[in-house]
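Colleague: Residue numbers for the sequence shown follow my numbering, beginning at -2 and rising by one. Where is the CB? At the ideal position from N, CA and C, for every residue including glycine. Below: one structure in structure tokens.
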Amino acid sequence: MAPFDMESRPTHRNLSPLDHRYWESNRSIYERLADYLSEEAATRYCARVEAALVKAHMQREGVFTPEIESTLFSAAGRIDPADVAAEERRTQHNVRALVNVYQKMLPEEARAYVHLGATSVDVLDTATSMRYRDVLRSVLVPLLREVVEQLCELAESYADTVQIGRTHGQFAVPITFGFSISEYAVRLSRSVVEIDRLASDLRGKLAGAVGAYNALSIATPDPVAFEKEVLAELGLRPGDQSNQLVEPEYQLRLLLECNTAFGILANLADDMRNLQRSEISEVREAFEATQVGSSTMPHKRNPWNWEHIKSLWKAFAPRVVTFYMDQISEHQRDLTNSASSRFVADYFAGLAAAFNRAKSVLQRLEPDREQMLANIERAGDMCLAEPAYILLSLAGNEDAHERVRVATLTAGREKRKLVDVLRDDPDLWNSLEEAASKRLQIEASEFFSDPKHYVGIAGEKARESATTARKRVEQLRGDVTVDDTRTREES
């Protein structure tokens, strides 16, 4: 069935960039998001909640049949959002409109049970939890998992490719490119697993207008058991205690973890963008044969994809403030989250666009091993000041740090190699030679001649972290199952 539109219009007449620019560049994944986040999806998920409610009532009353069940869920999958919208214009109430349209699609014996004992938010919050659970576990978690796996492959492929480390934008000590990438793989993997867990723990409710089961207490002697029965049909559990709303913290914690993952990606984007600076030039984004980097400078190959990801993060990460604000509702409920909460769907679309872009650019990333070595050479042996100080300290020199610090100043001022300045002090150099032989099983002159000797266990850690990250997300492959809107339609 084609996605429902309130009005047919050219894509570029839409107001939100999500509905023209980002839809155009993410068509496949946005069509999948629409199965869960569109107005069409919201209507049909709400209808499924009503179907589960009718089924439970009819079972309790002893009038339920398999034929009725088929009709209930088939009708929920076929309900036309346009009909509901038209009815809402008449009733001025979205859920009552849904109820009126859905009732007409059912056999007469089932109609009285539609919405019986429920309040609007029972249906809306329960349907929202289902939609967010399903979109995350069927679309977003697999997408994030793919990005983690790409990072793991890069980390392993470049585990031993030496790169100068940088802190505060300055040359630090040598690492490997795989080590720097594995950091993001392992950080993101933990977040993906947590997102999946929190999505699976979203809750529903069927506790009535203030959460005290007032209406259901008339319809059934055990309203709590009845609520569990209805929610179990939908793959959910009730919260500990709702009011008219499901406790907001289930959704809030999920959104916060999504924002954590978004931040990790933005951090990676910053690093990849900086590594493409002309004076660094250690990675490149592969360009298509006809791709243009600048409207006026034909030679430019701007890191625009990573900049685009960072910009999406800037647009959507601040919405975390609204997520927190939607945590608060007066007494048992007010409507101050009625507009703001609708934009959570936009947030998921922004998150998907960013990770989809990362997936694409990581497939075409071109690390430059030769340039990484050239930058190591540019750093010179000054990046070996740390091991010089460590070796001297282990040799018993109590002012080792100060002596090496002074040597670096001399080397910089006189534009000499650090190792040559260290050799100027025979006692100091003898201590270094003895310590290097004892601790590193290598001569000091050889060690200090090549910074590539000083990478610690960067390669080992890169492979270890990649393995850890891969194992974390691998468990999600067989675990991610959803019960989306199409399931009932096809049955």
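Check for me: the beta strand (DSSP E) holding Q160 runs from which residue to which?
Modeller: Here residue 160 is taken as the residue at index 163 of the sequence shown, counted from 1. Element bounds for Q160: V159 to T164.
Colleague: State the beta-bridge partners of T125 as determined by DSSP.
Modeller: On the sequence shown, position 128 is the one that residue 125 refers to. Per DSSP, none; premise fails for T125.
Colleague: In angstroms, rounded to a whole number, what distance separates the CA positions of M502 and A169?
Modeller: Absent from the model: residue 502. The displayed extent of the chain is -2 to 488, so no value can be given.
Colleague: Which whole-angstrom value is the C-beta distance of A522 and Y129, which I expect to be below 8 Å?
Modeller: In this structure the chain extends from -2 to 488, so residue 522 is not present and cannot be described.
Colleague: Can you confirm whether the stretch 211 to 226 touches the stretch 169 to 181 when touching is taken to mean that 3 or more C-beta pairs between the two stretches lie within less than 8 Å?
Modeller: In short, these stretches do not touch, since the Cβ pair count stays below three.
Colleague: Would you mind reading off the limits of the beta strand (DSSP E) that contains V81?
Modeller: As a first step, residue 81 must be located in the sequence shown, where it is residue number 84. Element bounds for V81: not the beta strand (DSSP E) but the alpha helix (DSSP H), P78 to T88.
Colleague: Am I right that R134 and D193 are in contact with their C-beta atoms under 8 Å? What's the rounded C-beta distance?
Modeller: Here the question's residue 134 lines up with position 137 in the sequence shown. Here the question's residue 193 lines up with position 196 in the sequence shown. About 6 Å; that satisfies the 8 Å criterion.
Colleague: Give the single residue among V227, P364, E246 and E58 whose Cα lies nearest to the Cα of M322.
Modeller: By one-based count along the sequence shown, residue 322 stands at place 325. Per the Cα distances, E246.
Colleague: Closer than 7 Å to a non-hydrogen atom of the ligand MG - does that hold for the CB of K311?
Modeller: Although the ligand MG was asked about, the structure shown includes no ligands whatsoever.
Colleague: Between which two residues does the alpha helix (DSSP H) carrying E37 extend?
Modeller: Here residue 37 is taken as the residue at index 40 of the sequence shown, counted from 1. Residues E36 to E58.
Colleague: Rounding to the nearest angstrom, what Cα-Cα distance links V243 and G456 in this structure?
Modeller: For the purposes of this step, residue 243 is identified with residue 246 of the sequence shown, where counting begins at 1. For the purposes of this step, residue 456 is identified with residue 459 of the sequence shown, where counting begins at 1. Distance between the alpha carbons of V243 and G456 is about 48 Å.
Colleague: Below 8 Å on the Cβ atoms is my guess for V92 versus L121; work out the distance and round it to an integer in Å.
Modeller: Mapped onto the sequence shown, residue 92 falls at position 95. Mapped onto the sequence shown, residue 121 falls at position 124. Contact flag correct, Cβ pair sits at about 7 Å.
Colleague: Among L203, S214 and A349, which one has its Cα closest to the Cα of L233?
Modeller: Counting from 1 along the sequence shown, the entry for residue 233 is found at position 236. Answer by Cα proximity: L203.
Colleague: R552 by DSSP, collapsed to three states: which one?
Modeller: Beyond the ends of the chain as shown, which are -2 and 488, falls residue 552; an answer cannot be given.
Colleague: Can at least three beta-carbon pairs, one atom from the stretch 146 to 166 and one from the stretch 361 to 376, be found at a separation below 8 Å?
Modeller: Verdict: yes, contact present.
Colleague: Whole angstroms is fine: what's the gap from A152's alpha carbon to A336's?
Modeller: Taking the sequence shown and counting its residues from 1, the one referred to as residue 152 is at position 155. Taking the sequence shown and counting its residues from 1, the one referred to as residue 336 is at position 339. So the alpha carbons of these two residues sit roughly 43 Å apart.
Colleague: Provide the residue span of the beta strand (DSSP E) that contains L362, from first to last.
Modeller: For the purposes of this step, residue 362 is taken as residue 365 along the sequence shown, with counting starting at 1. Run containing L362: L362 to P364, per the beta strand (DSSP E) assignment.
Colleague: Taking the continuous beta strand (DSSP E) assigned at Q167, which residues delimit it?
Modeller: For the purposes of this step, residue 167 is identified with residue 170 of the sequence shown, where counting begins at 1. Looking at the DSSP string, the run of the beta strand (DSSP E) that includes Q167 is Q167 to T173.
Colleague: Between the alpha carbons of E431 and S278, how many angstroms are there, rounded?
Modeller: If you number the sequence shown from 1, residue 431 lands on position 434. If you number the sequence shown from 1, residue 278 lands on position 281. Those two C-alpha atoms are separated by around 38 Å.
Colleague: Measure the alpha-carbon distance for P364 versus I306 and round it to whole angstroms.
Modeller: Position 367 of the sequence shown, counted from the start, is the residue given in the question as residue 364. Position 309 of the sequence shown, counted from the start, is the residue given in the question as residue 306. Whole-angstrom Cα-Cα distance: 19 Å.
Colleague: Mapping DSSP to helix, strand and coil, what is M3?
Modeller: Residue numbering aside, residue 3 sits at position 6 when the sequence shown is read from its first letter. Unreliable placement is indicated for M3, whose pLDDT of 46 sits below 50; the coordinate value is still reported in the next sentence. In this structure, M3 counts as coil in the three-state DSSP scheme.
Colleague: Based on DSSP bridge pairs, tell me the residues matched to G201.
Modeller: On the sequence shown, position 204 is the one that residue 201 refers to. BP columns for G201 point to P235.
Colleague: Taking the alpha carbon of V452 as the point to measure from, which residue in K468, L381 and R281 has its own alpha carbon closest?
Modeller: Residue 452 sits at position 455 when you count from the first residue of the sequence shown. Nearest of K468, L381 and R281 to V452, Cα basis: L381.
Colleague: Does DSSP put V280 in a helix, a strand or coil?
Modeller: Against the sequence shown, residue 280 aligns to sequence position 283. V280 falls in the strand class under three-state DSSP.
Colleague: Can at least three beta-carbon pairs, one atom from the stretch 465 to 474 and one from the stretch 139 to 147, be found at a separation below 8 Å?
Modeller: As far as the Cβ criterion goes, the stretch 465 to 474 touches the stretch 139 to 147, which means the pair count is three or higher.
Colleague: Do W301 and A266 come within 8 Å of each other at the CB atom, strictly closer than that value?
Modeller: Taking the first residue of the sequence shown as 1, we reach residue 266 at position 269. Taking the first residue of the sequence shown as 1, we reach residue 301 at position 304. It is not a contact, given that the beta carbons lie outside the stated cut-off.
Colleague: From the DSSP output, in three-state form, read off D396 for me.
Modeller: The residue you call residue 396 lines up with position 399 of the sequence shown. Coil at D396, not helix or strand.
Colleague: If we call anything under 8 Å between Cβ atoms a contact, is L490 one with L15?
Modeller: In the structure as shown, the chain starts at -2 and stops at 488, and residue 490 therefore has no counterpart that could be examined.
Colleague: Evaluate T123 with the Cβ neighbour count: other Cβ atoms within 10 Å of its Cβ, from every protein chain shown; 16 or more gives buried, anything less gives exposed.
Modeller: Within the sequence shown, residue 123 is the residue found at index 126, counting from 1. Looking at its Cβ environment, which holds 16 or more other Cβ atoms inside 10 Å, T123 is buried.
Colleague: Could you tell me whether the stretch 13 to 33 touches the stretch 50 to 69, where touching means 3 or more Cβ pairs closer than 8 Å?
Modeller: No contact exists between the stretch 13 to 33 and the stretch 50 to 69.
Colleague: From L213 to V111, what does the alpha carbon distance come to, in whole angstroms?
Modeller: Here residue 213 refers to the residue found at position 216 when the sequence shown is read from its first residue. Here residue 111 refers to the residue found at position 114 when the sequence shown is read from its first residue. Those two C-alpha atoms are separated by around 13 Å.
Colleague: Taking its Cβ as the centre, do 16 or more other Cβ atoms sit within 10 Å of P423, making it buried, or is it exposed?
Modeller: The residue labelled residue 423 in the question sits at position 426 within the sequence shown. Exposed is the call here.
Colleague: For E106, does the count of other Cβ atoms within 10 angstroms reach 16, so buried, or fall short, so exposed?
Modeller: For the purposes of this step, residue 106 is taken as residue 109 along the sequence shown, with counting starting at 1. Exposed: under 16 other Cβ atoms inside 10 Å.
Colleague: Would you identify the three-state DSSP class for T257, choosing helix, strand or coil?
Modeller: Taking the sequence shown and counting its residues from 1, one reaches residue 257 at position 260. Here T257 sits in helix by DSSP.
Colleague: May I ask you to report which of helix, strand or coil DSSP gives R194?
Modeller: Residue numbering aside, residue 194 sits at position 197 when the sequence shown is read from its first letter. Looking at R194 - three-state DSSP - the assignment turns out to be helix.
Colleague: Please work out which residues of its chain come closer than 8 Å, Cβ to Cβ, to Y344, disregarding the five sequence neighbours upstream and downstream, and give them in chain order.
Modeller: The residue labelled residue 344 in the question sits at position 347 within the sequence shown. L252, C255, F313 and R316.
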